[in-house]
Amino acid sequence: MSVKKFIVTALLTLTALFCLPFFVHNEIIDYFNVAIPETYSYAKVPKNTQKYFNVQAYDSKTGRKLPYKIIKVGGYDPSRQYIKIVHKGQYVKEIKYVSKKEFQKKVHSES
2 MSVKKFIVTA LLTLTALFCL PFFVHNEIID YFNVAIPETY SYAKVPKNTQ KYFNVQAYDS
62 KTGRKLPYKI IKVGGYDPSR QYIKIVHKGQ YVKEIKYVSK KEFQKKVHSE S
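Residues 2 to 112 in the working numbering are what the sequence shown spells out, letter by letter.
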């Protein structure tokens with residue numbers, strides 16, 4: 002009976018570990034998750050800071066809000082307000098500051 006319990010426990014553990022990346026999203030798991038594609042998004046961020054939290058990003062192709070907020074984005078220019086984000090889910094690979102005009106061109110639901 003103990004061998005049977007061990008096999009069942011091992012299978013349940015492996016199944017849980019396999020499914021974990023599909024249900025938990027953070028920057029570390031999203032970095033390694035092959036099911037999440039790298040995308041470009043645009044966002045409006047607060048001025049006078051270089052740390053942005055709960056950033057609402059907009060899809061670069063449709064101009065619509067993403068169904069989630071990016072928890073943490075680091076910036077480098079506190080005087081700028083619009084960014085282009087290269088990311089995989091919560092993992093932010095790179096940001097680039099853009100003009101308000103470029104932001105408005107890509108994002109249809111924000112002024």
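Backbone N, C-alpha and C define an ideal beta-carbon position, used for all residues, glycine too.
Quantities reported herein were computed from a predicted structural model and do not represent experimental measurements.
Just to confirm my understanding: we take Ile37, look at its own chain, exclude 5 residues before and 5 after, and list those with CB closer than 7 Å. What are they? Asp31, Lys89 and Gly90
Would you tell me roughly how many angstroms separate the C-alpha atoms of Asn55 and Lys6, rounded to the nearest one? 43 Å
I'd like to know whether the C-beta atoms of Tyr77 and Val99 end up nearer to each other than 7 Å. no
Around the Cβ of Ser112, are there at least 16 other Cβ atoms within 10 angstroms (buried) or fewer (exposed)? Summary for Ser112: the model assigns pLDDT 45, below 50, so the residue's position carries little reliability, and this model does not support an answer.
Mind checking which residues open and close the beta strand (DSSP E) that includes Gln57? Lys52 to Asp60
Going by DSSP, what residues sit across from Ala11 in a beta bridge? In the DSSP output, where bridge partners are listed per residue, Ala11 has none listed.
To the nearest angstrom, how far is it from the Cα of Tyr64 to the Cα of Ile8? With the sequence shown as reference, residue 64 is identified as Gly, and Tyr is not the correct amino acid for it. Each residue's alpha carbon lies about 49 Å from the other.
Considering only the alpha carbon of each residue, which of Pro79, Glu103 and Ile71 lies closest to Glu28? Ile71
Are Val108 and Tyr43 close, meaning C-beta to C-beta below 7 Å? yes
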